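Since the structure comes first, as structure tokens, the remarks are kept for the end.
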Amino acid sequence: MPLSLTATVQHFPIAGAFTISRGSKTTASVVTCQISDGKVTGWGECVPYARYGESLESVLAAIEAVRSSIEAGLTRADLQKAMSPGAARNAVDCALWDLEAKKSGKRVHELVGTTAPGALTTAYTLSLGDPEQMMVQAQKYSHRALLKVKVGTADDASRIRAVRQGAPESKIILDANEGWTEDNLAAHFAACAENGISLIEQPLPAGRDQALASIAHPVPVCADESVHGTDDLKGLAGRYDAVNIKLDKTGGLTEALRMRAAAEALGLKIMVGCMVGSSLAMAPAILVAQGVDFVDLDGPLLLAEDRKPGLRYEASLVFPPETSLWG
1 MPLSLTATVQ
11 HFPIAGAFTI
21 SRGSKTTASV
31 VTCQISDGKV
41 TGWGECVPYA
51 RYGESLESVL
61 AAIEAVRSSI
71 EAGLTRADLQ
81 KAMSPGAARN
91 AVDCALWDLE
101 AKKSGKRVHE
111 LVGTTAPGAL
121 TTAYTLSLGD
131 PEQMMVQAQK
141 YSHRALLKVK
151 VGTADDASRI
161 RAVRQGAPES
171 KIILDANEGW
181 TEDNLAAHFA
191 ACAENGISLI
201 EQPLPAGRDQ
211 ALASIAHPVP
221 VCADESVHGT
231 DDLKGLAGRY
241 DAVNIKLDKT
251 GGLTEALRMR
261 AAAEALGLKI
271 MVGCMVGSSL
281 AMAPAILVAQ
291 GVDFVDLDGP
301 LLLAEDRKPG
311 LRYEASLVFP
321 PETSLWG
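Just so it is clear: in the sequence shown, position 254 is 254 by UniProt numbering, and no numbers are missing.
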């Protein structure tokens, strides 16, 4: 039976606002892809990211460009060549995985060839604000095992101290979102070491991060904007100690699994992260995140309203998806 593909835009309100060094937003706008054989439907979700030149319109157009090929039976393997890495391919790739699982009566982890996924300790993200605001945020969520803290200003030392004061027991990932410079890098690294930060994510702008090779790393440094897929990994040597794998960057679960294996082979620490999206976007990433060093799959926790059914979150844990959601 021939396949049919639909792609639609959906908007999920964020609880309050989500603020990073590049700005704030109050709505998570996603593209949802459905691929059906008339009996079962596979689902995938992506979050277009302006930092990478993506928009809702460009992602919809990229999916539309492969519609006829998908409906004619384009395989996942061929999809990796037919579409460029990025959000659009992610939605299609994950929908094809979900469709294959439903048609075969197997879970996606069985198709991948891994054991059943388990619950994971996920980070909870705190938005950028002034030090006092960030200490209040940290105090509110100090019961969480792992916090991810958005920074990225010219003077973040006071923010780092404030967050540590607010959450003295939590493990902390610091995400500068390309907001630091060579001039303030050493001071920020020192503040991170003094306050027991576990990981520093993307301190310098992608393409202008050479200084990381000539400065000691008292805390492991993780590439995010500087790495998208497997082919980028070797270029990180000497600058980064870890990589953040996001399906919206890799272009789907297929490439994310390949990238994880390659990163492990290079001895890099691995973080599996997300954009701000619904549970449908997080579900495939849970497979990639099994056993990695850091997990940041809290997108639905930042929303005022999630999909139903959504992922189950309890305390700091996120649980694998039910088949009614994905996989």
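Quick reminder that beta carbons are idealized off the backbone N, C-alpha and C, glycines included. Small disclaimer: the values here were computed from a predicted structure and weren't measured.
query: Residue interval of the beta strand (DSSP E) (run including V9); result: 4-20
query: 6 Å Cβ shell around S36 - same chain, five flanking residues per side excluded; result: S4
query: For K269, the first and last residue of its enclosing beta strand (DSSP E); result: 269-272
query: Closest Cα partner of A315 within the set A157, A145, T115; result: A145
query: Cβ neighbour criterion (16 or more within 10 Å) applied to residue 355; result: Limits of the chain in this structure are 1 at one end and 327 at the other, which puts residue 355 out of reach.
query: When G53, V92, S24 are compared against L280, the one with the closest alpha-carbon; result: V92
query: Option in V47, P309, S278, L325 with minimal Cα separation from L303; result: S278
query: In DSSP terms, what Q34 is bridged to; result: T6, W43
query: L174 and L204 closer than 8 Å at C-beta; result: no
query: For residue 330, three-class secondary structure by DSSP; result: As shown, the chain starts at 1 and ends at 327. That puts residue 330 outside it, with no answer to give.
query: Extent of the continuous beta strand (DSSP E) to which E201 belongs; result: 199-201
query: DSSP three-state assignment for K102, whether helix, strand or coil; result: helix
query: Segment contact, 8 Å Cβ cut-off, at least three pairs: the region 106-120 with the region 307-327; result: yes
query: Residues near G251 by beta carbon distance below 6 Å, same chain, minus five either side; result: P85, G86, R89, N90
query: The region 152-166 in contact with the region 5-14 per 3-pair CB rule at 8 Å; result: no
query: Own chain residues within Cβ distance below 6 Å of N244, not counting five before or after; result: C222, D224, M271, G273
query: DSSP state of F319 mapped onto helix, strand, coil; result: coil
query: Short Cβ contact (8 Å threshold) for W97 with P284; result: yes
query: Inside the region 279-310 only - alpha helix (DSSP H) runs reaching at least 4 residues; result: 279-288
query: Extent of the continuous alpha helix (DSSP H) to which I160 belongs; result: 157-166
query: Sequence-distant residues of its chain with Cβ nearer than 8 Å to A162 (five each side left out); result: P131, E132, M134, M135, A138
query: DSSP state of S127 mapped onto helix, strand, coil; result: coil
query: Beta-carbon proximity list for L266, same chain, < 7 Å, skipping 5 on both sides; result: L233
query: Proximity below 8 Å, CB of L297 to CB of I286; result: yes
query: G23 in three-state terms, based on DSSP; result: strand
query: Reduced DSSP secondary structure (H/G/I, E/B, other) of I215; result: coil
query: A50: first and last residue of the uninterrupted beta strand (DSSP E) it sits in; result: Per DSSP, A50 belongs to no beta strand (DSSP E) and is neither H nor E.
query: Beta-carbon gap between P220 and A242 smaller than 8 Å; result: yes
query: Beta-carbon proximity check, A61 vs V295, cutoff 8 Å; result: no
query: heavy atom of the ligand FMN below 7 Å from E64 C-beta; result: Questions concerning the ligand FMN fall outside what the structure shown contains, since it holds no ligand whatsoever.
query: Whole-angstrom distance between Y49 and R260, CA atom to CA atom; result: 22 Å
query: Buried/exposed call for Y52, threshold 16 Cβ in 10 Å; result: exposed
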